[in-house]
Amino acid sequence: MSQNRNLHKAKSNKKDEFYTQLADIENELRHYRDHFQGKVVYCNCDDPYVSNFFTYFSRNFDLLGLKRLVTTCYKNQQMHLFSQHDTERAIYLEYDGTRNATGVPSVDEIGVHPLSGDGDFRSAECIELLKQADIVVTNPPFSLFREYVAQLVEYDKKFLIIGHQNAITYKEIFPLIKEDNIWLGHAQQAITMLFDVPKEFADEMVATRNEGSSYVIVDGVVKSKMRNAKWFTNLYHKKRHEELILYKRYSPEEYPTYDNYDAIEVSKTKEIPYDWPGAMGVPISFLDKHNPDQFEIIWTTDRGGDGMLEDMKLPHTRYDAPVIDGQGKYKRIFIRNKRMQA
Numbered sequence: 001m002s003q004n005r006n007l008h009k010a011k012s013n014k015k016d017e018f019y020t021q022l023a024d025i026e027n028e029l030r031h032y033r034d035h036f037q038g039k040v041v042y043c044n045c046d047d048p049y050v051s052n053f054f055t056y057f058s059r060n061f062d063l064l065g066l067k068r069l070v071t072t073c074y075k076n077q078q079m080h081l082f083s084q085h086d087t088e089r090a091i092y093l094e095y096d097g098t099r100n101a102t103g104v105p106s107v108d109e110i111g112v113h114p115l116s117g118d119g120d121f122r123s124a125e126c127i128e129l130l131k132q133a134d135i136v137v138t139n140p141p142f143s144l145f146r147e148y149v150a151q152l153v154e155y156d157k158k159f160l161i162i163g164h165q166n167a168i169t170y171k172e173i174f175p176l177i178k179e180d181n182i183w184l185g186h187a188q189q190a191i192t193m194l195f196d197v198p199k200e201f202a203d204e205m206v207a208t209r210n211e212g213s214s215y216v217i218v219d220g221v222v223k224s225k226m227r228n229a230k231w232f233t234n235l236y237h238k239k240r241h242e243e244l245i246l247y248k249r250y251s252p253e254e255y256p257t258y259d260n261y262d263a264i265e266v267s268k269t270k271e272i273p274y275d276w277p278g279a280m281g282v283p284i285s286f287l288d289k290h291n292p293d294q295f296e297i298i299w300t301t302d303r304g305g306d307g308m309l310e311d312m313k314l315p316h317t318r319y320d321a322p323v324i325d326g327q328g329k330y331k332r333i334f335i336r337n338k339r340m341q342a
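Just so you know, we're using this note's numbering here: the sequence shown kicks off at 1 and counts up by one.
Okay, structure coming up:
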């Protein structure tokens, strides 16, 4: 039984290893350059030998004015194609900006240090490295996203990380979004991102899934395709305060009230009525356009007993989704317009 659990865990770990493309990192990070001057950056979920986050920050060390760059990752005991596995111990890499004439740091110019444990971001020694950091930038394991964010909040760290769009409505994440402690990155719309993955997972996708939907092949390399990747951050960027232009008036025919919530249904963010004073249910993609100066976030769909929407509930047997004429809708975020127009 124990062996079966270990095998299942190893298989799950493979599906949690997504290696971010350099182009995606460059496209997002260019909007935050002013945040990094004199800062220690920590990438704590990255194989330091091949991490594109390490590549980006080491190449742009001087441009960003970094103080120090540290990279660690969990030492997977299963062989895969990304790690060199030339040591029996987990390691971390530390870089202070020294480089040779090529402008690219060599192995000799990067401090390589052994870790006592396995490099898990939750381990005591990795937490000590976290305490020394100013900003965390990485692509954490999606299955541990809740726990990962909780740690960043606990240690009051600035961060820019990748997660799935569904993380928006996690009960551990949404309150942070509501209170304006976390928001979406500059590439706010749900974007399609390609990730390198371990060979076993790549082979499984080719054998069981459709090319073009779950994966694509680029120059002979199988890459996982994710349509709903999001950047989550607490670093300021100008885009989050852009005004959403509203052009439609409310009508009861176009905006019906839910059977189980005292709120109207708005199926498209761009069709939010400018003259409705009460609560509105909008798709979770609304957060792509959320301006905290313009809208108040009330809460998200009640999935049973969280008690945050008691004042909006109407007599009904179902509260796990908003209902109209007996038909349930997909997840909704309830909002209110702070700048209602007459």
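Cβ atoms here follow ideal geometry from the backbone N, Cα and C, with glycine treated the same way.
Nearest-angstrom Cα separation, counted from residue j out to residue i
i: Thr301; j: Glu179; result: 16 Å
i: Ala10; j: Pro252; result: Caution is warranted here: a pLDDT of 36 is assigned to Ala10, below 50, making its placement in the model unreliable, and no coordinate value can be reported.
i: Val218; j: Tyr319; result: 44 Å
i: Thr36; j: Pro315; result: Checking the sequence shown, residue 36 turns out to be Phe, not Thr. Rounded to whole angstroms, Phe36 to Pro315 spans 51 Å at the Cα level.
i: Ala426; j: Ala167; result: One cannot answer for residue 426 here, as it falls past the ends of the chain, which runs 1 to 342.
i: Gly305; j: Leu93; result: Low per-residue confidence applies at Gly305: pLDDT is 49, beneath 50, and the placement is therefore not dependable enough to give any value.
i: Glu265; j: Trp276; result: 12 Å
i: Gly281; j: Asn228; result: 20 Å
i: Leu22; j: Lys270; result: 32 Å
i: Gly220; j: Glu200; result: 15 Å
i: Glu204; j: Met340; result: 51 Å
i: Ile272; j: Asn234; result: 26 Å
i: Asn44; j: Tyr19; result: 13 Å
i: Glu147; j: Asp47; result: 20 Å
i: Ser224; j: Val197; result: 7 Å
i: Phe159; j: Leu144; result: 16 Å
i: Ile127; j: Tyr155; result: 9 Å
i: Gly119; j: Tyr236; result: 30 Å
i: Thr169; j: Ile182; result: 12 Å
i: Pro140; j: Ile162; result: 7 Å
i: Gly65; j: Thr98; result: 13 Å
i: Tyr56; j: Met312; result: 47 Å
i: Thr138; j: His113; result: 20 Å
i: Pro322; j: Ser267; result: 12 Å
i: Ser83; j: Thr208; result: Below a pLDDT of 50, predicted positions are generally treated as unreliable, and Ser83, at 43, falls in that range; the measurement from the model is reported next regardless. Taking the straight line from one Cα to the other gives about 26 Å.
i: Glu242; j: Leu115; result: 44 Å
i: Phe295; j: Leu29; result: 26 Å
i: Lys331; j: Phe286; result: 11 Å
i: Ile91; j: Val50; result: 13 Å
i: Asp262; j: Gly328; result: 15 Å
i: Val222; j: Pro256; result: 45 Å
i: His80; j: Tyr215; result: With a pLDDT of 37 at His80, under the threshold of 50, the modelled position of that residue is not reliable, and no figure is offered here.
i: Ile110; j: Ser58; result: 10 Å
i: Ile25; j: His31; result: 11 Å
i: Gln132; j: Ser123; result: 15 Å
i: Thr317; j: Ser213; result: 37 Å
i: Glu211; j: Gly117; result: 39 Å
i: Lys157; j: Phe121; result: 14 Å
i: Arg240; j: Asn260; result: 31 Å
i: Gln151; j: His164; result: 18 Å
i: Lys338; j: Asp62; result: 42 Å
i: Asn52; j: Ile173; result: 26 Å
Cβ separation of residue i and residue j, assumed to be a contact under 8 Å, to the nearest whole Å
i: Tyr42; j: Val136; result: 5 Å
i: Ile335; j: Ile284; result: Rounded, the Cβ-Cβ distance is 11 Å, inconsistent with contact.
i: His72; j: Phe54; result: The amino acid at residue 72 is misidentified as His; the sequence shows Thr. That pair is no contact at about 10 Å.
i: Leu184; j: Lys230; result: 6 Å
i: Tyr258; j: Ile324; result: 6 Å
i: Val153; j: Leu130; result: Not a contact, Cβ separation roughly 12 Å.
i: Ala187; j: Asn60; result: At roughly 18 Å, the Cβ-Cβ gap does not stay under 8 Å, so Ala187 and Asn60 are not in contact.
i: Asp134; j: Lys39; result: 4 Å
i: Asp34; j: Arg68; result: At roughly 18 Å, the Cβ-Cβ gap does not stay under 8 Å, so Asp34 and Arg68 are not in contact.
i: Lys289; j: Leu244; result: 5 Å
i: Leu246; j: Tyr274; result: 4 Å
Unbroken alpha helix (DSSP H) run spanning residue i, endpoints
i: Arg59; result: 52-59
i: Ile335; result: Note, Ile335: premise wrong, no alpha helix (DSSP H); beta strand (DSSP E) at 332-337.
i: Met205; result: 199-208
Cross-strand partners of residue i (DSSP beta bridge)
i: Lys289; result: DSSP lists no partner for Lys289.
i: Asp24; result: Per DSSP, none; premise fails for Asp24.
i: Trp299; result: Phe334
i: Ile272; result: None; Ile272 has no bridge partner.
i: Glu265; result: Gly281
i: Ile324; result: Gln327
i: Met193; result: Met226
i: Asp313; result: Just to set this straight, residue 313 is Lys in the shown sequence, not Asp. Tyr261, per the DSSP bridge assignment.
i: Tyr19; result: Asp196
i: Leu184; result: Phe232
Span of the beta strand (DSSP E), counted from its first residue to its last, around residue i
i: Val70; result: 68-72
i: Val40; result: 40-43
i: Pro283; result: 280-283
i: Leu93; result: 91-95
Original post:
Which full runs of the beta strand (DSSP E) of 3+ residues lie inside the segment 104-175, going along the chain?
Top reply: 111-114, 135-138, 158-164
- Task: Would you mind listing the beta strand (DSSP E) stretches within the segment 210-253 that are 3+ residues and don't spill past its ends, in chain order?
- Result: 215-218, 221-233
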